[in-house]
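A short worksheet on the structure shown next.
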Ligand code: PEP
Ligand code: MG
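And the structure:
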């Protein structure tokens with residue numbers, strides 16, 4: 004058995020047969036041609052481009068408009084490239100100059116472009132290299148009459164193993180036959196991750212070495228919740244996972260019973276249990292898991308697709324669809340949190356020394372006010388279609404909040420003067436994800452309608468530990484007394500000023516953290532859909548007094564290790580929480 008650790012990109016546990024999807028580079032022939040053959044070669048190129056474009060049109064036809072507009076904008080940019088006269092003209096010029104066969108000319112051109120983009124530090128540009136690869140392979144397949152293995156034609160249920168899936172391949176695959184994805188490359192913001200979540204397929208990405216270790220027909224178990232893959236898992240692992248899976252299924256069944264029941268403590272205190280989404284397709288799963296609303300819609304995912312930035316109209320449609328689908332339940336949409344590890348075309352030329360401490364989130368928006376106000380207009384226009392709340396990411400001090408609120412006011416004024424309707428009651432809140440915001444939360448609470456604690460970043464900035472760096476991952480500790488004190492102070496300050504506090508980092512969905520957060524007075528938890536049932540079960544089996552007493556004891560402890568051991572013991576004994 005081989006165990007690999009990657010990035011959990013889409014939740015779920017699944018075992019199945021490996022299908023190694025070889026994204027192999029074709030052996031491209033190279034030979035000289037006579038100048039009289041140039042028109043013939045150009046004719047072959049035109050033919051291959053037309054066929055490749057027809058294939059993409061087919062993929063587009065076979066998918067719902069929602070998936071295309073939210074996860075599949077890249078198909079349009081592939082089409083644009085295939086139909087771009089300049090692209091064809093450049094190849095024709097090289098063909099006349101070099102007098103080599105057209106597949107070689109195309110291959111060399113694309114390779115040079117991909118090398119340039121692929122070696123970039125910027126994840127957005129690296130993703131564009133994947134697009135170029137995708138398009139060029141499609142054209143080469145036609146030029147060389149290569150049979151393309153089509154994931155649309157899969158007849159057996161498999162777990163796809165490969166380097167990465169091209170976006171158009173992910174769109175084309177037969178979703179009923181693909182049980183899971185285990186890929187070498189990719190991260191949470193890659194297309195593969197976005198589409199896997201939208202399709203509800205468990206996925207682990209960033210699994211270094213998986214294509215070397217797994218062979219066709221091998222068995223593989225993937226744990227999309229924790230980002231693990233086991234090639235040819237041994238009996239002990241399988242049996243452990245059978246238990247975990249059985250527990251999951253049992254919980255799923257319990258969920259049907261819990262769905263209609265409120266998330267409230269035994270003594271009747273109502274707690275908000277909401278969901279996090281990246282693309283509108285996830286709404287269905289949230290409803291299925293009993294979410295009472297959306298606590299975090301990461302709107303930047305709309306901006307991470309290749310091609311043009313989404314217009315005000317396109318944004319308004321996407322936000323409106325989510326608001327309508329939630330049928331009056333509250334939907335908190337976070338304004339753009341680009342930068343750091345999430346790059347947009349706008350930021351592509353801004354290589355930074357410390358991107359996580361750099362030009363990101365609200366800082367980016369306040370220096371790109373046109374782009375920010377376009378988003379604000381789209382949000383307010385969509386607000387008539389449901390119950391919208393808006394929140395700003397990465398607020399570090401009161402000036403930023405005041406500036407952002409000023410732009411909100413300007414947007415409202417503009418809409419009023421144009422006679423465009425919007426909901427005057429939209430609440431505007433902030434994320435607390437920098438230590439400075441947590442410490443000054445008493446000041447910020449006077450200006451924000453609500454707080455949502457972003458522990459993913461708060462932990463990173465409080466302990467000074469990059470959340471994506473595996474070398475220091477051991478320091479990334481949600482139960483660090485420093486982190487718990489920041490959370491406690493934020494909740495206390497907010498309540499003293501009469502505003503509610505949510506938490507939307509991964510910690511909200513960690514059942515080990517439920518009681519301590521309840522005891523500290525948290526009002527709302529927002530998490531990915533699949534975590535909701537277990538957290539609800541714990542909330543319903545504890546009283547406020549018990550949780551407060553538990554929190555009091557934890558806050559007296561001085562080290563992570565002591566707190567961690569105490570919490571695990573308590574949660575396993577009292578709430579049957581699985582400890583990994
Ligand atoms: C967070 O930082 O906790 C958060 C929810 O935002 P993101 O993970 O998108 O940075
Ligand atoms: Mg964050």
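Residue numbers (my numbering): 4 to 583. Even for Gly, the Cβ is constructed at its ideal location relative to N, Cα and C.
For residue j and residue i, the rounded distance between their alpha carbons
| i | j | result |
| --- | --- | --- |
| residue 380 | residue 559 | 47 Å |
| residue 564 | residue 488 | 16 Å |
| residue 316 | residue 395 | 21 Å |
| residue 10 | residue 460 | 17 Å |
| residue 573 | residue 118 | 53 Å |
| residue 425 | residue 378 | 14 Å |
| residue 22 | residue 87 | 35 Å |
| residue 90 | residue 183 | 36 Å |
| residue 364 | residue 527 | 23 Å |
| residue 15 | residue 207 | 10 Å |
| residue 313 | residue 54 | 28 Å |
| residue 399 | residue 290 | 33 Å |
| residue 475 | residue 468 | 7 Å |
| residue 113 | residue 102 | 17 Å |
| residue 188 | residue 541 | 36 Å |
| residue 74 | residue 201 | The predicted position of residue 74 is uncertain, since its pLDDT is 48 and thus under 50; no value can be drawn from it. |
| residue 566 | residue 557 | 6 Å |
| residue 38 | residue 209 | 46 Å |
| residue 659 | residue 186 | With the chain covering 4 to 583 only, the question about residue 659 has no answer from this structure. |
| residue 177 | residue 205 | 15 Å |
| residue 50 | residue 140 | 15 Å |
| residue 321 | residue 161 | 33 Å |
| residue 135 | residue 375 | 30 Å |
| residue 415 | residue 407 | 13 Å |
| residue 97 | residue 122 | 24 Å |
| residue 336 | residue 411 | 14 Å |
| residue 243 | residue 228 | 15 Å |
| residue 577 | residue 252 | 21 Å |
| residue 549 | residue 519 | 10 Å |
| residue 418 | residue 373 | 15 Å |
| residue 499 | residue 433 | 17 Å |
7 Å Cβ cutoff met for residue i and residue j
| i | j | result |
| --- | --- | --- |
| residue 462 | residue 481 | yes |
| residue 271 | residue 529 | no |
| residue 300 | residue 274 | no |
| residue 81 | residue 59 | yes |
| residue 392 | residue 427 | no |
| residue 340 | residue 285 | no |
| residue 465 | residue 486 | yes |
| residue 553 | residue 504 | no |
| residue 534 | residue 512 | yes |
| residue 456 | residue 493 | yes |
| residue 31 | residue 84 | no |
| residue 602 | residue 106 | The structure shown does not extend to residue 602, since the chain is modelled only from 4 through 583, so no value can be given for it. |
| residue 216 | residue 5 | yes |
| residue 305 | residue 389 | no |
| residue 266 | residue 278 | no |
| residue 292 | residue 532 | yes |
| residue 354 | residue 509 | no |
| residue 523 | residue 491 | yes |
| residue 128 | residue 120 | yes |
Residues bridged to residue i (per DSSP)
| i | result |
| --- | --- |
| residue 585 | The chain is shown only over 4 to 583; residue 585 falls outside these bounds and no answer can be derived. |
| residue 280 | 300 |
| residue 529 | 277 |
| residue 10 | 208 |
| residue 57 | Paired residues: none, contrary to the question. |
| residue 23 | 164 |
| residue 267 | 273 |
| residue 567 | Paired residue(s): none; residue 567 is not in a bridge. |
| residue 35 | 103 |
| residue 337 | 301 and 394 |
| residue 4 | None; residue 4 has no bridge partner. |
| residue 186 | 165 |
| residue 616 | For residue 616 there is no data in the structure shown, the boundaries of the chain being 4 and 583. |
Residue i CB to nearest heavy atom of the ligand GTP below 6 Å
| i | result |
| --- | --- |
| residue 499 | With respect to the ligand GTP, the structure offers nothing, as its ligand set consists of the ligand PEP and the ligand MG. |
Quiz: which residues have CB nearer than 6 Å to the ligand PEP non-hydrogen atoms: 299, 301, 340, 436, 457, 458, 459, 460, 507 and 508
In chain order, each alpha helix (DSSP H) run of at least 4 residues that lies wholly inside the segment 409 to 469: 438 to 442, 444 to 447 and 458 to 466
Completely contained beta strand (DSSP E) runs for the segment 129 to 165, where each covers 3 or more residues: 161 to 165
Completely contained beta strand (DSSP E) runs for the segment 473 to 525, where each covers 3 or more residues: 503 to 506
Entirely enclosed alpha helix (DSSP H) segments - the segment 356 to 393, minimum 4 residues: 364 to 370 and 372 to 385
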